[in-house]
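These protein sequences, in sequence, are chains A and B.
Mapping the first sequence onto this note's numbering, position 118 (from 1) lands on 118, and the numbers just tick up by one.
Mapping the second sequence onto this note's numbering, position 204 (from 1) lands on 204, and the numbers just tick up by one.
Where is the CB? At the ideal position from N, CA and C, for every residue including glycine.
Written below as structure tokens is the structure these notes are about.
There are 2 protein chains.
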Amino acid sequence: MQAEDLILISVDDHLIEPPDLFAGRLPARFADAAPRVVRRPDGSDVWTFNGAVIPNIGLNAVAGRPKEEYGVEPTAFEEMRPGCYDIHERVRDMSAGGVLGSMCFPSFPGFSARVFAAAADKDLALSVVRAYNDWHLDEWCGSYPDRFIPMALPVLWDPELAAAEVRRVAAKGCHSLTFTENPAALGLPSFHDEHWDPLWQALVDEDVVLSIHLGSSGKLSVTAPDAPVDVMITLQPMNICQAAADLLWSRVLKKFPGIRIALSEGGTGWIPYFLDRVDRTYDMHRRWTGQDFGGRLPSEVFREHFLTCFIADPVGIQLRGLIGLDNIAWECDYPHSDSSWPYAAEELAEAAAGVPDAELNRMSFENAMRWYSFDPFAYRARERSTVGALRAEEAGRDVSTRSYDSGRFVRSGTGVELGSLVEQVTA
Amino acid sequence: MQAEDLILISVDDHLIEPPDLFAGRLPARFADAAPRVVRRPDGSDVWTFNGAVIPNIGLNAVAGRPKEEYGVEPTAFEEMRPGCYDIHERVRDMSAGGVLGSMCFPSFPGFSARVFAAAADKDLALSVVRAYNDWHLDEWCGSYPDRFIPMALPVLWDPELAAAEVRRVAAKGCHSLTFTENPAALGLPSFHDEHWDPLWQALVDEDVVLSIHLGSSGKLSVTAPDAPVDVMITLQPMNICQAAADLLWSRVLKKFPGIRIALSEGGTGWIPYFLDRVDRTYDMHRRWTGQDFGGRLPSEVFREHFLTCFIADPVGIQLRGLIGLDNIAWECDYPHSDSSWPYAAEELAEAAAGVPDAELNRMSFENAMRWYSFDPFAYRARERSTVGALRAEEAGRDVSTRSYDSGRFVRSGTGVELGSLVEQVTA
Numbered sequence: 001m002q003a004e005d006l007i008l009i010s011v012d013d014h015l016i017e018p019p020d021l022f023a024g025r026l027p028a029r030f031a032d033a034a035p036r037v038v039r040r041p042d043g044s045d046v047w048t049f050n051g052a053v054i055p056n057i058g059l060n061a062v063a064g065r066p067k068e069e070y071g072v073e074p075t076a077f078e079e080m081r082p083g084c085y086d087i088h089e090r091v092r093d094m095s096a097g098g099v100l101g102s103m104c105f106p107s108f109p110g111f112s113a114r115v116f117a118a119a120a121d122k123d124l125a126l127s128v129v130r131a132y133n134d135w136h137l138d139e140w141c142g143s144y145p146d147r148f149i150p151m152a153l154p155v156l157w158d159p160e161l162a163a164a165e166v167r168r169v170a171a172k173g174c175h176s177l178t179f180t181e182n183p184a185a186l187g188l189p190s191f192h193d194e195h196w197d198p199l200w201q202a203l204v205d206e207d208v209v210l211s212i213h214l215g216s217s218g219k220l221s222v223t224a225p226d227a228p229v230d231v232m233i234t235l236q237p238m239n240i241c242q243a244a245a246d247l248l249w250s251r252v253l254k255k256f257p258g259i260r261i262a263l264s265e266g267g268t269g270w271i272p273y274f275l276d277r278v279d280r281t282y283d284m285h286r287r288w289t290g291q292d293f294g295g296r297l298p299s300e301v302f303r304e305h306f307l308t309c310f311i312a313d314p315v316g317i318q319l320r321g322l323i324g325l326d327n328i329a330w331e332c333d334y335p336h337s338d339s340s341w342p343y344a345a346e347e348l349a350e351a352a353a354g355v356p357d358a359e360l361n362r363m364s365f366e367n368a369m370r371w372y373s374f375d376p377f378a379y380r381a382r383e384r385s386t387v388g389a390l391r392a393e394e395a396g397r398d399v400s401t402r403s404y405d406s407g408r409f410v411r412s413g414t415g416v417e418l419g420s421l422v423e424q425v426t427a
Numbered sequence: 001m002q003a004e005d006l007i008l009i010s011v012d013d014h015l016i017e018p019p020d021l022f023a024g025r026l027p028a029r030f031a032d033a034a035p036r037v038v039r040r041p042d043g044s045d046v047w048t049f050n051g052a053v054i055p056n057i058g059l060n061a062v063a064g065r066p067k068e069e070y071g072v073e074p075t076a077f078e079e080m081r082p083g084c085y086d087i088h089e090r091v092r093d094m095s096a097g098g099v100l101g102s103m104c105f106p107s108f109p110g111f112s113a114r115v116f117a118a119a120a121d122k123d124l125a126l127s128v129v130r131a132y133n134d135w136h137l138d139e140w141c142g143s144y145p146d147r148f149i150p151m152a153l154p155v156l157w158d159p160e161l162a163a164a165e166v167r168r169v170a171a172k173g174c175h176s177l178t179f180t181e182n183p184a185a186l187g188l189p190s191f192h193d194e195h196w197d198p199l200w201q202a203l204v205d206e207d208v209v210l211s212i213h214l215g216s217s218g219k220l221s222v223t224a225p226d227a228p229v230d231v232m233i234t235l236q237p238m239n240i241c242q243a244a245a246d247l248l249w250s251r252v253l254k255k256f257p258g259i260r261i262a263l264s265e266g267g268t269g270w271i272p273y274f275l276d277r278v279d280r281t282y283d284m285h286r287r288w289t290g291q292d293f294g295g296r297l298p299s300e301v302f303r304e305h306f307l308t309c310f311i312a313d314p315v316g317i318q319l320r321g322l323i324g325l326d327n328i329a330w331e332c333d334y335p336h337s338d339s340s341w342p343y344a345a346e347e348l349a350e351a352a353a354g355v356p357d358a359e360l361n362r363m364s365f366e367n368a369m370r371w372y373s374f375d376p377f378a379y380r381a382r383e384r385s386t387v388g389a390l391r392a393e394e395a396g397r398d399v400s401t402r403s404y405d406s407g408r409f410v411r412s413g414t415g416v417e418l419g420s421l422v423e424q425v426t427a
């Protein structure tokens with residue numbers, strides 16, 4: 001298929017929270033405690049909440065920036081492309097890139113909203129989570145219901161409250177919950193604990209997908225403090241295999257057969273190996289480990305529960321039949337540094353050369369629609385939804401890479417080590 | 001190719017050290033401090049050294065045992081198949097399984113001999129390492145030079161001594177050094193530190209392969225203490241991707257272009273994804289991370305330095321062209337629980353159905369010979385080296401699974417959790 005004829009729904013993008021996100025959304029008694037943006041002496045904008053200071057990391061908002069200016073330095077809003085934080089600019093960028101639909105993960109709260117959960121005042125924490133979700137559903141997604149898959153933050157500290165929030169947002173049309181890939185790594189009960197059962201039940205009842213994004217354990221994949229940063233960049237996606245194995249062998253899938261999980265930004269090319277491995281593990285070891293999937297293989301169980309996601313993954317496309325044609329969805333990853341926006345359509349068309357149209361459509365948009373109960377065509381004709389049609393709507397928009405350098409932004413230079421990155425990210 | 005026509009050299013097997021290994025091999029002043037086998041009240045045999053007690057874990061010596069009796073309990077020598085620890089019985093088991101050649105990793109010292117390195121008396125530690133290496137080269141491999149790829153333990157605490165030991169064993173014909181996949185995880189300088197340069201230089205000078213086995217960081221891949229043990233079993237091989245990334249992006253390959261590394265028991269099916277990932281990481285990020293491979297891609301550099309290894313990996317065989325036909329070697333993993341001995345030949349023949357003979361030969365034995373400077377045909381005619389020919393020599397040998405249960409061995413039963421395993425393994 002030609003790039004212009006693709007229809008693209010991305011199941012993994014990111015939004016940079018705008019400074020006015022919480023304005024008018026919290027009870028008056030929390031006015032002083034609300035998360036807010038502060039400009040630091042170095043000119044960067046940071047979010048503050050509950051004593052924590054969370055910079056907007058440059059690498060998380062590099063859309064449109066020349067690769068020479070990628071880096072991990074904290075940055076200011078005016079150094080970002082406005083599509084990072086402005087919904088109207090975002091939609092225009094999506095159209096210019098040919099992207100019909102998008103699901104946007106949070107930035108400063110962390111993928112599992114652990115920044116909010118850390119507040120000792122749980123009334124405050126709950127108000128902030130709900131305010132964020134309402135903003136995300138009503139403002140971000142609600143402004144363009146044909147363009148966004150709604151996603152909610154979890155209530156991380158209380159499974160009953162978490163379940164209630166899932167039911168509340170589901171009533172507003174939200175079928176995706178962002179969550180951590182490993183609650184045990186955050187000091188919470190693991191996936192193997194009954195603790196979470198009320199949440200799993202709510203997800204099943206409300207047809208909500210548990211979307212676990214790489215890096216959502218709160219830990220980077222670090223081999224050594226002096227390792228080059230390239231090591232971490234390489235390992236992050238495949239590291240989600242830990243969550244895949246953790247959940248596949250857990251009691252969760254056995255007790256909640258309706259639960260569905262997305263391995264967001266985890267890549268797909270390694271999945272066929274992984275499925276062989278789990279089937280062989282089952283064959284060689286189940287007699288002493290006590291695993292029991294009835295008459296089925298772990299790989300079959302995997303395909304019933306897991307959506308795998310890729311940005312650019314020629315091996316995964318080649319092996320799509322071994323992964324499962326219903327289990328693969330494309331991602332854009334705008335505005336992160338792994339995205340090929342605005343040329344992601346061309347990247348996908350090239351990687352999928354020779355793939356039958358019907359199969360490519362499943363990976364590029366149909367699976368995303370079904371898994372996330374999302375129907376853009378209720379609002380927009382399909383013929384107006386292709387890459388070519390969307391781009392025509394934004395013909396003339398400047399999508400060339402340009403420097404957003406205000407004079408302050410400094411490249412990290414050579415020899416960036418993991419230790420320094422971890423320090424900056426977690427400072 | 002039919003199973004009987006294969007020639008098999010395994011680049012990853014394991015030996016259980018026999019109780020008399022050190023007899024007569026240490027200076028008299030170390031007689032009391034030598035590693036020794038002790039029978040515990042529960043009937044199991046354990047190695048003791050330097051205050052540490054290291055059980056012979058049942059799961060590491062299950063060759064010939066019914067799968068119902070796999071488990072992690074400590075075991076006794078008479079509960080193991082003698083091929084685990086007796087060189088003559090081992091060779092007969094290899095022949096009965098059709099396996100021509102084998103490289104045997106250590107058991108109780110740990111893959112990087114960290115048990116020996118822990119001794120405060122470094123003269124003692126060095127004597128023990130050298131005694132082990134001499135035993136391995138002279139007794140274990142030396143008894144059947146046509147059947148074993150010699151492998152040495154490292155001197156982990158001193159790079160100059162480590163280099164000297166590499167040169168000493170190389171002079172005796174040894175071209176493989178077992179090592180840790182992550183020295184930083186053991187509290188040592190990382191792969192990114194100049195500390196190890198004398199060792200790397202010796203490896204290059206003497207044409208010795210750095211063989212890093214999964215699990216050699218001293219850490220199991222544990223998601224949560226209450227995770228089922230199946231999680232760890234699934235993740236162990238692919239976890240070596242961390243070492244692959246750590247070394248690929250390190251200064252080691254740039255400063256020592258002759259160095260060669262084997263990712264032992266790491267599997268192969270995930271490698272094509274990994275190579276795509278490192279090339280994309282290089283393309284997207286090198287301008288700010290400062291990585292520089294000259295005009296080459298990271299995937300090309302990988303193929304110059306890394307040998308990937310598989311037990312049973314149909315996806316890896318299918319994708320052999322993307323991995324590199326010179327970069328794949330077969331493993332038997334006798335007597336561990338992931339081995340299909342005595343039917344590993346049939347398993348490989350089935351997985352490689354349709355693969356041209358010349359390509360299968362490279363994976364089943366030719367690459368092993370070249371990477372490890374091993375030539376069994378200097379001792380044994382090729383026509384006497386096939387699976388069929390070797391099996392004919394041991395026709396009638398009992399290789400059926402049988403219970404080695406002395407009445408004491410207890411199956412772990414259902415619901416084995418990672419925490420309990422870690423406790424037993426590290427107790």
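Proximal residues of chain A, C-beta to C-beta of residue i below 8 Å
i              : result
N182 (chain B) : T223, A224
S337 (chain B) : M284, H285
Option nearest residue i by Cα separation, candidates the options
i              : options                       : result
A113 (chain B) : B:W135, B:M363, B:E78, B:V155 : B:V155
G43 (chain B)  : B:S400, B:S211, B:E79, B:N133 : B:E79
L186 (chain A) : A:D292, A:L137, A:F111        : A:F111
F431 (chain B) : B:A392, B:P183, B:F148        : Any property of residue 431 (chain B) remains undetermined from this structure, which presents chain B solely from 1 to 427.
A175 (chain A) : A:R384, A:Q291, A:R260        : Correcting the residue identity first, residue 175 (chain A) is His in this sequence and not Ala. Ranking A:R384, A:Q291, A:R260 by Cα distance to H175 (chain A) puts A:R260 first.
P257 (chain B) : B:R303, B:A344, B:L21         : B:R303
T308 (chain B) : B:P335, B:P272, B:C141        : B:P272
Contact list for residue i against chain B, beta-carbon separation under 7 Å
i              : result
V231 (chain A) : A245, D246, W249
First through last residue of the beta strand (DSSP E) which encompasses residue i
i              : result
M103 (chain A) : 99-105
H213 (chain B) : 209-213
V38 (chain B)  : 36-39
L307 (chain A) : 306-310
T178 (chain B) : 176-179
T48 (chain A)  : 45-49
Closer than 9 Å at the beta carbon, the chain A residues around residue i
i              : result
H175 (chain B) : Within 9 Å Cβ-Cβ: nothing; H175 (chain B) doesn't reach chain A, min ~27 Å.
Test item: CB-CB of residue i and residue j under 8 Å
i              : j              : result
A329 (chain B) : V11 (chain B)  : yes
V208 (chain B) : A163 (chain B) : no
R280 (chain A) : A312 (chain B) : yes
S211 (chain A) : F191 (chain A) : no
A152 (chain A) : N133 (chain A) : yes
C104 (chain B) : D13 (chain B)  : yes
L15 (chain B)  : G98 (chain B)  : no
Assigned secondary structure, residue i (DSSP; H/G/I helix, E/B strand, else coil)
i              : result
F377 (chain A) : helix
I9 (chain A)   : strand
A76 (chain B)  : coil
D326 (chain A) : coil
P154 (chain B) : coil
D405 (chain B) : For D405 (chain B), the pLDDT reaches just 48, beneath the cut-off of 50, and the residue's location in the model is therefore unreliable, leaving the point undetermined.
V399 (chain B) : coil
Neighbouring residues, chain B, relative to residue i (Cβ below 9 Å)
i              : result
V315 (chain A) : P272, Y273, L275, D276, L319, L322
Endpoints, alpha helix (DSSP H) assigned at residue i
i              : result
W371 (chain B) : 367-371
P145 (chain A) : Note, P145 (chain A): premise wrong, no alpha helix (DSSP H); not H, not E.
Within chain A, the residues that residue i reaches when beta carbons sit closer than 7 Å
i              : result
Y343 (chain B) : Within chain A, no residue comes near Y343 (chain B); the closest Cβ sits about 13 Å away, beyond 7 Å.
L235 (chain B) : C241, Q242, A245
A312 (chain B) : R280
Within chain B, the residues that residue i reaches when beta carbons sit closer than 8 Å
i              : result
R303 (chain A) : Neighbours of R303 (chain A) on chain B: none; closest Cβ ~16 Å, over 8 Å.
R40 (chain A)  : Residues of chain B passing the Cβ test: none, with the nearest at roughly 22 Å.
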